[in-house]
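Just add 69 to wherever you are in the sequence shown, counting from 1, and you've got my numbering.
For glycine and all other residues, C-beta sits at the position ideal for the given N, C-alpha and C.
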Amino acid sequence: MSANPRIAFFDGIADRWDGWVDLGALGPRLAAGLVALGVGRDEAVLDVGCGTGNLSAALLGHLSPRGRVVAVDISARMIEVARGKVRDARVAWHAADARALPLGDASCDRAICYSVWPHFDDPAAVARELARVLVPGGRLHVWHTDPRERINGIHAGAGEAVRGDVLPPADATAALLARAGYVVSAAAEDGEGYLVTARKPGGQGA
Ligand SMILES: C[S@@+](CC[C@H](N)C(=O)[O-])C[C@H]1O[C@@H](n2cnc3c(N)ncnc32)[C@H](O)[C@@H]1O
Numbered sequence: 070m071s072a073n074p075r076i077a078f079f080d081g082i083a084d085r086w087d088g089w090v091d092l093g094a095l096g097p098r099l100a101a102g103l104v105a106l107g108v109g110r111d112e113a114v115l116d117v118g119c120g121t122g123n124l125s126a127a128l129l130g131h132l133s134p135r136g137r138v139v140a141v142d143i144s145a146r147m148i149e150v151a152r153g154k155v156r157d158a159r160v161a162w163h164a165a166d167a168r169a170l171p172l173g174d175a176s177c178d179r180a181i182c183y184s185v186w187p188h189f190d191d192p193a194a195v196a197r198e199l200a201r202v203l204v205p206g207g208r209l210h211v212w213h214t215d216p217r218e219r220i221n222g223i224h225a226g227a228g229e230a231v232r233g234d235v236l237p238p239a240d241a242t243a244a245l246l247a248r249a250g251y252v253v254s255a256a257a258e259d260g261e262g263y264l265v266t267a268r269k270p271g272g273q274g275a
């Protein structure tokens, strides 16, 4: 299998990424979002495509001392940048593809794909891999804090490696997750953002 061209692309922009983000606004927005998602304080939360660690940092502010973050990114340079700024023993960092996670079965309570879903070549395969590492009843969120049209417009004008990366309508992502065996509980998008929430069957509330 040939190397994913997004690895070199995201390695190449990792050192500049935070300069393009309004971190002062993003932190509180992510923190409020985690409350709205119902993230439990003691959970083990998988941050898929963690980038420079901004969601991981928000998670650490939200979780109790018993909570854990498992942060995964295909770009080793993104992970290096994240490790340099987010220093907390509750995080485990992994340079890995979301399709083949170096994690045990049923090892995470929740998975959050924040600003990464359009970059998956095979989102159904990722959904199945996330179901493997989620506990029965564990939640998966596909989340963006920008509207879909804006995200797709940015990708269309970006480097070749991501130019074809398209975020589908929330309903289409919900249907994909349902076909992958999840129970979808919410799928919505508007001018503020995009959120699809689904649950792996089993566990409490099955
Ligand atoms: C648009 S950036 C967003 C980063 C971070 N979630 C944030 O919002 O700041 C997308 C990230 O997903 C990562 N990524 C892309 N494809 C991936 C894959 N197949 N597995 C894991 N990470 C991936 C990229 O390396 C990049 O860091």
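Can you check whether the CB of D157 is closer than 7 Å to the CB of I148? No, they are not a contact pair.
Would A127 and L106 be called neighbours here (beta carbons separated by less than 7 Å)? no
By Cβ distance below 6 Å, which residues in the same chain neighbour R135 in space, the five residues on each side in sequence not counted? D111
What are the partner residues of T266, as DSSP defines its beta bridges? H210 and A255
Would you grab the beta carbon distance between A161 and C119 for me? Rounded to a whole angstrom, and I think it's under 8 Å. That pair is no contact at about 11 Å.
Would you say the beta carbon of R75 comes nearer than 6 Å to a heavy atom of ligand 1? Between ligand 1 and the CB of R75, the shortest heavy atom gap is smaller than 6 Å.
Can you give the beta carbon distance from R201 to R268, rounded, assuming they're within the 8 Å contact cut? At roughly 15 Å, the Cβ-Cβ gap does not stay under 8 Å, so R201 and R268 are not in contact.
Cβ of N123 within 6 Å of any heavy atom in ligand 1? At a threshold of 6 Å, N123 counts as near ligand 1, since its beta carbon sits closer than that to one of the ligand's heavy atoms.
Does any heavy atom of ligand 1 sit closer than 6 Å to the C-beta of I143? At least one heavy atom of ligand 1 is found less than 6 Å from the C-beta of I143.
Option in G81, R137, S144 and A255 with minimal Cα separation from W212: The shortest C-alpha to C-alpha distance from W212 to any of G81, R137, S144 and A255 is the one to A255.
So, with DSSP's three-state summary, where would you put L245? helix
Which same chain residues end up closer than 7 Å to D87 when comparing Cβ atoms and leaving out the 5 residues on each side of it in sequence? T121
Should V185 be listed as close to ligand 1, given that the test is whether its C-beta is under 6 Å from any heavy atom? yes
Please report the straight-line C-alpha distance between V155 and Y183, rounded to a whole angstrom. The alpha-carbon atoms of V155 and Y183 are separated by roughly 17 Å.
Taking its Cβ as the centre, do 16 or more other Cβ atoms sit within 10 Å of V108, making it buried, or is it exposed? buried
Cβ pair R168, V195 closer than 7 Å: A distance below 7 Å separates the beta carbons of R168 and V195.
Examine ligand 1 and report whether any of its heavy atoms sits within less than 6 Å of the Cβ of R234. The sequence shown places Asp at residue 234, not Arg. Outside the cutoff, so no.
Straight-line CA distance for G260 to P237? Cα to Cα, G260 sits roughly 15 Å from P237.
DSSP-derived helix/strand/coil call for V117: Strand, per DSSP.
Integer-rounded CB distance, given that I220 should sit under 8 Å from V114: The Cβ separation is near 23 Å, so there is no contact.
Check the DSSP bridge columns for L203 and list the partner residues they point to. For L203, the beta-bridge partners assigned by DSSP are C177.
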